[in-house]
Amino acid sequence: MRVPPRPLVMVAAAALLGAATLARADVTVGIDLSSTGPAAAIGIASKNAIQLWPDQIGGQKAHYIILDDGSDPGAAVRNVRKLISENKVDVVVGPNITPSALAMLDPVSEAETPMITLVGSASVVEPQDAKRQWAFKMAANDSAMADVMTRYMANHGVKNVAFIGFADAYGESWWREFSKFAELRKLHIVAQERFNRTDTSVTGQVLKLMAAKPDAVLIAGSGTPAALPQRTLIERGFGGKIYQTHGIATYDFIRVGGKDVEGTLFPTQPGVVAKLLPANHPARTAALAFTKKYEAKFGTDTVTQFAADAYGVWDLLNNAVPRAAKTAQPGTPAFRRALREALENTRDLPIPNGIMNTSPRDHVGLDQRASVMGQIKGGKFVYVAD
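Residues -25 to -1, 1 to 361 (mature numbering (1 follows the signal peptide of the UniProt record, and there is no 0)) make up the sequence shown, in order.
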């Protein structure tokens, strides 16, 4: 057997050393959350779940940097620019609210850094374009939630429904999707109103809704601010059904709403009601595993959709990072591009809130297996068959 010249052996050794270095490089994850401000209930649940992330991703040592945006889109943009320019992150996780996620599209696309958001609105990832190709989303789209909810309404005698939603991108997304599915299911929308996340009174809007005599009211809000219209409806004697969106699935919402939110119906994802899911539900195993881990640290009946979404980010990255690391080293533009491509080609991945299958056209990757109906009973979130 011919022995290669010494210089060639040295080159080969250097190449092997380079490959070993590539495999050992740290993955840096920049995280922007709304840990304070109106969306704090969502951001805190996300932060709790992130505390459970292992210290490695796909066999690579992981470095996590968490910043608080105070529920302010301007602060979210400043945070993401800092994470990208100063911390040289490989991926951005967050934010928690749709206005912030939309505002962050420019900086992440300019820096060609993938962003995995924790918001509900499809407007962050649809339609796919030069900016949105860098954005991914853990929560099922509002359209999937509106679908399961309007089906439940139609099956349970609702004919006339009134709508009140946030006066921002979240409320607008829900109005668009809900009105579309309401028409499909022959639900008559008799009134619509808007309110702000920081409002302290919605009496005027509620009186207008009640004057239309709806069978049910849908409140399209998220976190604790969504409790205000419901409390006002109850105070004013509304006797119909009250529906909320998947954005209310935090126990702070129940704490703030108290007895006024008992009986609330809402669409949600499997992680919120894991213990009551049918035995044959495809997401049950992953949802239960997460629930067990989360409750061991934070207590029984503390899981929220936002916690499950945030933990699912680690599952997604743990699946994508090894594929990206085959072609580039973390900390480089080439790795960020490879990671974006790997995230875009995820197949049959179980996460706490569903089964994920992404594609160049679909940066959510969740189908109807990620949408179920829930209700607040006895101060807890429970599964209800639709």
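Just so you know, even glycine gets a beta-carbon here, dropped at the ideal spot from N, CA and C.
Going by Cα to Cα distance, which pick from the options is closest to residue i?
| i | options | result |
| --- | --- | --- |
| phenylalanine 265 | Trp28, Gly5 and Pro13 | Trp28 |
| threonine 3 | Ala115, Gly132 and Trp289 | Trp289 |
| alanine 295 | Ala309, Leu314 and Gln280 | Leu314 |
| arginine 336 | Leu77, Gly132 and Ala110 | Ala110 |
| glycine 238 | Ala303, Val357 and Arg107 | Val357 |
| aspartate 65 | Gly329, Asp323, Ile330 and Pro305 | Pro305 |
| glycine 198 | Gly95, Lys250 and Gln343 | Gly95 |
| aspartate 1 | Ala37, Thr73, Pro189 and Ile19 | Ala37 |
| arginine 160 | Val248, Thr125 and Phe273 | Thr125 |
| glycine 222 | Thr275, Gln26 and Ala115 | Ala115 |
| glycine 232 | Lys355, Pro74 and Ala258 | Lys355 |
| valine 136 | Ala142, Gln31, Asp143 and Tyr127 | Tyr127 |
| threonine 53 | Leu8, Ala285 and Thr333 | Note that residue 53 is arginine in the sequence shown here, rather than threonine. Nearest of Leu8, Ala285 and Thr333 to arginine 53, Cα basis: Leu8. |
| aspartate 30 | Leu292, Asp342 and Asp276 | Leu292 |
| phenylalanine 170 | Leu184, Gly246 and Leu162 | Leu184 |
| alanine 166 | Asp190, Ala303 and Thr275 | Asp190 |
Is residue i helix, strand or coil by DSSP?
| i | result |
| --- | --- |
| leucine 318 | helix |
| alanine -1 | coil |
| proline 70 | coil |
| glutamine 108 | helix |
| proline 200 | helix |
| valine 55 | helix |
| phenylalanine 213 | coil |
| glutamate 168 | strand |
| histidine 221 | helix |
| residue 365 | Nothing in the structure corresponds to residue 365, since the chain is present only between -25 and 361. |
| proline 242 | strand |
| glutamine 205 | helix |
| proline 82 | helix |
| aspartate 279 | Correcting the residue identity first, residue 279 is threonine in this sequence and not aspartate. Of the three classes helix, strand and coil, the one that applies to threonine 279 here is coil, per DSSP. |
| serine 334 | strand |
| proline 325 | strand |
| lysine 272 | helix |
Mind checking residue i: buried by the 16 CB within 10 Å criterion, or exposed?
| i | result |
| --- | --- |
| arginine 311 | buried |
| threonine -5 | Annotation note: pLDDT 43 at threonine -5 (below 50); position unreliable, coordinate value reported separately. Burial call: exposed. |
| alanine 202 | buried |
| leucine -18 | Since pLDDT at leucine -18 reaches only 34, below the 50 mark, its modelled position is unreliable, and the value read off the structure follows with that caveat. Classification for leucine -18: exposed. |
| aspartate 104 | exposed |
| glycine 49 | exposed |
| asparagine 255 | exposed |
| arginine 322 | exposed |
| proline 242 | buried |
| threonine 333 | buried |
Which whole-angstrom value is the C-beta distance of residue i and residue j, which I expect to be below 8 Å?
| i | j | result |
| --- | --- | --- |
| glutamine 350 | leucine 263 | Not confirmed; about 20 Å, so no contact. |
| aspartate 235 | glutamine 205 | 6 Å |
| valine 192 | isoleucine 217 | 5 Å |
| serine 346 | methionine 120 | 6 Å |
| isoleucine 118 | alanine 97 | Correcting the residue identity first, residue 118 is serine in this sequence and not isoleucine. Correct: roughly 6 Å between the Cβ atoms. |
| serine 148 | threonine 260 | Contact flag wrong, Cβ pair sits at about 31 Å. |
Check this for me: beta carbons of residue i and residue j, under 7 Å apart or not?
| i | j | result |
| --- | --- | --- |
| isoleucine 209 | glutamate 168 | no |
| aspartate 47 | serine 10 | no |
| residue 373 | valine 339 | Only positions -25 to 361 of the chain appear in the structure, and residue 373 is not among them; the question remains open. |
| proline 257 | arginine 344 | yes |
| asparagine 328 | glutamine 244 | yes |
| valine 68 | isoleucine 6 | yes |
| phenylalanine 273 | asparagine 23 | yes |
Compute the minimum distance between the beta carbon of residue i and the heavy atoms of the ligand PLP, and state whether it is under 6 Å.
| i | result |
| --- | --- |
| glycine 246 | Summarising the ligand content, the structure contains no ligands, and the ligand PLP is consequently not present. |
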